[in-house]
Each structure stands twice: as structure tokens, then as C-alpha cells.
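Comments concern the structure below.
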Amino acid sequence: MDTKIIRIDEQHIDMALIEEAGEVIKAGGLVAFPTETVYGLGGDALNPLSSEKIYKAKGRPSDNPLIVHIADMECLEKIVREIPDSAYQLAEKFWPGPLTMILYKADIVPCETTGGLDTVAVRMPVHRVARELIRAAGGYVAAPSANRSGRPSPTVARYVTEDMDGRIDMIIDGGDVEIGLESTIVDLTSRQPTVLRPGYITRKMLNQVLSGVEEDVTLMRDDSGQAPKAPGMKYRHYAPKGELTVVSGESGRVIEYINARLYEQKQQNKKTGVIGTDGSVGKYHADVCKSVGNREDEAGIARELYRVLREFDDEEAEVIYAEAFDTAGIGQAIMNRLLKAAGYKVVYV
Ligand code: AMP
Ligand code: MG
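In numbering that gives the first Met the number 0, the protein residues as written are 0 to 348.
Rendered as C-alpha cells:
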């Protein structure tokens with residue numbers, strides 16, 4: 000299949016191109032598009048064949064449900080059985096934006112889209128290209144991240160092309176994304192609202208709107224006895240080609256520990272890598288040292304993390320050490336993705 004790549008600037012949207020892309024989705028095709036979180040791989044959420052195509056293009060297990068993207072609040076009524084007050088309250092504050100809510104699905108949403116579940120994940124993105132595309136596509140776009148399963152989510156169109164060229168109908172290049180990590184997922188079907196995946200919207204922010212927001216116990220640790228409530232969280236989302244270890248502790252001790260390990264690995268002729276930050280990256284003796292940004296700027300680190308992880312795969316580093324991050328604010332989402340990439344291998348020094 001030939002993949003058509005078009006460019007649409009969020010500030011000057013070419014509506015003729017949006018219409019063209021919308022028609023592709025309406026006809027059962029797939030279009031990758033920018034959102035504020037990461038690039039999405041969009042198909043018609045109400046067409047089971049489109050969802051099947053998405054799983055195939057990504058190489059993703061089909062019991063891992065898709066998030067349905069909408070652009071207008073009226074659309075929510077059509078795809079969920081009922082809208083609880085909590086959903087209206089969260090929508091009022093955080094939509095459009097990087098928040099996904101889990102609600103009971105209406106019959107119109109095919110099981111293929113929800114991975115067989117009785118619930119559906121819904122998000123209203125703020126990115127203007129995404130919103131216009133959703134409307135042009137009929138209002139309901141199922142869109143997981145636009146990467147091949149097992150790779151980091153794409154934060155620039157170039158990475159979408161790397162993974163999806165020849166596998167989907169169209170890619171909309173809308174430049175760099177703003178946030179760089181996937182949306183926060185909150186389950187509104189459980190007894191208490193529960194965060195299933197941390198993101199830019201933190202539990203603290205959610206608690207300012209609803210009270211008693213809980214967190215899924217599997218977020219920050221590998222608890223094999225517990226089934227995560229978001230089916231996707233059980234999959235090792237992304238694992239770098241090299242063996243990744245996260246090292247947590249006071250900065251001086253972390254640097255000392257990592258350098259000692261690097262020395263041992265080099266004795267064994269291993270190609271080594273370090274994921275550090277601006278203030279520390281010059282102090283490591285690895286073959287490849289990369290900074291994810293300034294520790295004071297967590298949003299910047301969130302934006303860079305997936306790019307840096309992809310670069311380590313290109314470098315073919317065999318053993319990689321990463322500094323840990325604070326689990327307050329968006330740091331929790333950063334640490335959650337890093338721990339998953341490391342298969343929860345973390346050393347406290
Ligand atoms: P992605 O599309 O790559 O951002 O991943 C979507 C995430 O949302 C996966 O971790 C899914 O397991 C989760 N998800 C989607 N729908 C549901 C649902 N109905 N209930 C729980 N988690 C869901
Ligand atoms: Mg994904």
C-alpha cells in the first residue's frame with residue numbers, strides 16, 4: 000500500500016486536506032494524525048473492520064482496547080450508556096485535553112474497538128488538526144498511538160513514517176507534539192474514580208474536581224499477581240533493544256554507581272549508554288550519553304523521553320542506565336513509562 004504523507008499546520012489548517020483525510024477514514028481507511036499527547040493512528044471507531052485494521056497495522060493484540068476520540072460533547076452521549084456527573088465535571092475542566100475517561104459503552108460501539116469490554120475509553124483532544132479531522136471523519140475516531148507495537152509512541156511524524164509507511168493510507172505531519180506522553184486514563188466505572196495510566200493530568204489535578212480519586216496499584220510496580228485494569232498495561236509497551244536499568248537515589252551516588260557499572264560492562268566489551276539530565280550527563284563515562292533535558296523542566300523531559308529512547312535503539316547500545324525521576328506531577332508519568340521500558344528493573348542507591 001502507498002502511504003500518502005501530507006502536511007497540515009495547526010495554525011493555518013487547510014480544510015480541503017482535512018476533508019480528504021476524513022473521507023479516507025469514513026471509507027474504512029487509516030490515517031495517522033497529530034494530537035497534543037502523541038501521534039495517533041485513526042480509523043472509524045464505529046466500524047469493526049477499521050479497528051481490526053488498526054490492530055493489524057500496529058501488530059497489536061486485539062484484546063488491547065482503543066481510545067475513541069471525539070471533538071464535540073454531543074458525541075459522548077451516542078457512544079456511552081449513561082454519562083455520570085463525574086464525567087461532566089471532568090470534561091468541564093479538562094476537555095478538550097489529555098484526559099481519557101472509561102465509561103460503560105453503548106451498543107453502537109463494536110466489541111472490536113473495545114477489545115471485547117463492556118466499557119469504552121473516550122478522549123476529546125485539544126489539537127486543532129485532530130479535532131477537525133475527527134469531525135470530517137464522522138465524529139468518532141479510534142486511535143491508539145501510531146507506533147508499531149513494542150516501540151515508543153511517536154512524538155514527530157518522522158517516527159510515524161518509520162513505523163507505518165506502507166501499512167496505512169495516510170500520515171498527517173503536524174510537526175512536534177506538545178506533551179510527548181500518552182493521555183491520563185481515569186476509570187469512572189469503578190466504585191471510586193481510578194487512574195489507570197498516569198499522564199499530564201495528575202491525580203492531584205483530578206482530585207481538585209472529584210474527591211477520592213484512587214490509583215491502580217499496578218502503576219508504579221510490577222505486580223504480576225494483580226491484573227491491571229487497563230488491558231494495555233499488562234503488555235510490555237516498549238522495551239529498548241539494550242538492557243535498561245533505572246537508578247534511583249541522590250544524584251552524586253547515582254553517578255558513582257552508574258559509572259562503576261559502566262566500567263564493568265566495558266571490561267566485557269559491551270556498548271553502553273546512559274540516559275541522564277542536563278546537569279549530570281557530562282559526568283558519565285558511557286559510549287553514548289544522552290540528556291532528556293533539565294530536571295527543573297519536567298514537561299520538557301516528558302516531551303523528549305520517547306525520542307531519546309528511540310535514539311538508543313538506533314545506537315544499538317547493549318546496556319543502558321537511566322536516572323530516575325520524581326513521582327510528583329508529570330514526573331509520575333515519566334517514571335511509569337521508564338519503569339515499563341526497563342521491565343521494572345530499578346536499583347536504589
Ligand atoms: P494507546 O491507545 O496506545 O494510548 O493505549 C490505550 C490504553 O487505554 C491501553 O492501555 C488500553 O488498555 C486502555 N484502555 C482502552 N480502553 C479501555 C477500557 N475500556 N478499559 C480500560 N482500559 C482501556
Ligand atoms: Mg500506545
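Heads up, the beta-carbon is just placed ideally off N, CA and C, and yes, glycines get one too.
For residue 99, there is no enclosing alpha helix (DSSP H); the residue is part of the beta strand (DSSP E) that begins and ends at 98 to 103. Remark: the C-beta of residue 144 is in contact range of the ligand AMP, defined as less than 6 Å to any heavy atom. Along the segment 240 to 305, the beta strand (DSSP E) occurs as fully enclosed runs of 3 or more residues at 242 to 247, 271 to 275, 287 to 290, listed in sequence order. The C-beta distance from residue 141 to residue 67 rounds to 6 Å, short enough to fall under 8 Å. Going by C-alpha positions, residue 120 is about 7 Å away from residue 65.
Closer than 6 Å to some heavy atom of the ligand AMP: that describes the Cβ of residue 116.
Scanning the segment 88 to 153 from its first residue to its last, the whole alpha helix (DSSP H) runs of 4-plus residues come out as 110 to 113, 127 to 135.
Leaving aside the five residues that flank residue 276 on each side, the residues in its chain whose CB is nearer than 7 Å to its CB run, in chain order, 290, 291, 292, 293, 294, 322. The alpha carbon of residue 334 has as its nearest neighbour, out of 324, 342, 52, 341, the alpha carbon of 324. Bounds of the alpha helix (DSSP H) holding residue 19 are 14 to 25. Per DSSP, residue 158 is one residue of the alpha helix (DSSP H) stretching across 156 to 163.
Spatial neighbours of residue 282 in its own chain (CB-CB distance under 7 Å, excluding positions within 5 residues in sequence) are listed in chain order as 254. In the DSSP assignment, residue 330 falls within the alpha helix (DSSP H) that extends over 330 to 340. The ligand MG never approaches residue 250 closely enough for any of its heavy atoms to be under 6 Å from the residue's Cβ. In this structure, the C-beta of residue 64 approaches the ligand AMP to less than 6 Å from one of its heavy atoms.
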